[in-house]
Ligand SMILES: [Zn+2]
């Protein structure tokens, strides 16, 4: 059978449309209120990020967070991806086999590390953390995403309120840093290789997840139950936010500002505006063991 050209074209268009329909709708940070149209959960009552307040959070007897295999080097090389929304690193297993895990804090169960990504501002001093503390916004926020081990994969975990746990590490820019963070600097130095959206690069240095925590004080945190801060905004995340920032040079942080979105526009201010706390409780843990 010979198809006439118009019919062939029609069938090709139909196939192309079906493929497009299966992919998730596009979104960006220009108007985050529009996310709700394609992703209704973004209008939920337990959304992130929020302002964390020293005065309205309750000091709690929650245990400290426990870190396992955070010092173990990753078994494979890390791939840094500019996905058009952030710079993202999917974490492989460690040389010992298992992935790094966290327990304790507000968590029930064991959560294994999946990926690391960043939120940042724009040239000229615009700050870009997602969470604020007493109304104060930091320059950069690192998210270390973990999945509850009782779920098979991240997609499944996103369907459950106890599915994901994210650690948030803040960064502030300083002129003369007192501490050097070799692992983070390796990541920042790799950013110019993923300027364009949908490009990736391999990080050849051997890193462990501790490199992404730096020397942050993990005994001090705010914890609450919230959501992914990007579509589909699943209300599946237990947050632990460390309020004491790492202090890093402007030269390093400026490398984020070179990244581009899929449409070629600069990838700046990739943070979601603050969401309402509603009836949620924020827990505050200070010092101690
Ligand atoms: Zn994030």
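In mature numbering (1 follows the signal peptide of the UniProt record, and there is no 0), the protein residues as written are -16 to -1, 1 to 273.
Ideal Cβ positions, reconstructed from N, Cα and C, are used throughout, including at glycine.
Model, not experiment: these values are computed from the prediction.
Within the chosen limit of 7 Å, ligand 1 reaches the beta carbon of residue 127 through at least one heavy atom.
Residue 39 is classed as exposed because its beta carbon has fewer than 16 other beta carbons within 10 Å across all chains shown. Residue side-chain check: residue 213 places its Cβ nearer than 7 Å to a non-hydrogen atom of ligand 1. DSSP assignment within the segment 140 to 220 yields the following whole beta strand (DSSP E) runs of 3 residues or more, N-terminal first: 148 to 158, 183 to 187 and 205 to 210. With contacts defined by Cβ atoms closer than 8 Å, residue 171 and residue 128 do not form a contacting pair. Rounded to whole angstroms, the separation of the alpha carbons of residue 87 and residue 149 is 10 Å.
Annotation: the continuous beta strand (DSSP E) that includes residue 96 extends over 95 to 104.
The three-state secondary structure of residue 20, taken from DSSP, is helix. For residue 77, no alpha helix (DSSP H) encloses it, and the DSSP letter there is neither H nor E. Contact between the segment 50 to 62 and the segment 191 to 208 is present, with at least three C-beta pairs closer than 8 Å. When distances are taken from the beta-carbon of residue 101 to the heavy atoms of ligand 1, the shortest one is below 7 Å. Following the DSSP letters along the chain, one finds residue 125 in no alpha helix (DSSP H) but inside the beta strand (DSSP E) bounded by residues 124 to 132. Secondary structure at residue 27: helix, using DSSP grouped into helix, strand and coil. Between residue 104 and residue 254, the C-beta gap is smaller than 8 Å, which places the two residues in contact. Its Cα nearest to that of residue 145, the residue 28 stands out among 28, 186, 8 and 23. The shortest C-alpha to C-alpha distance from residue 236 to any of 124, 57 and 183 is the one to 124.
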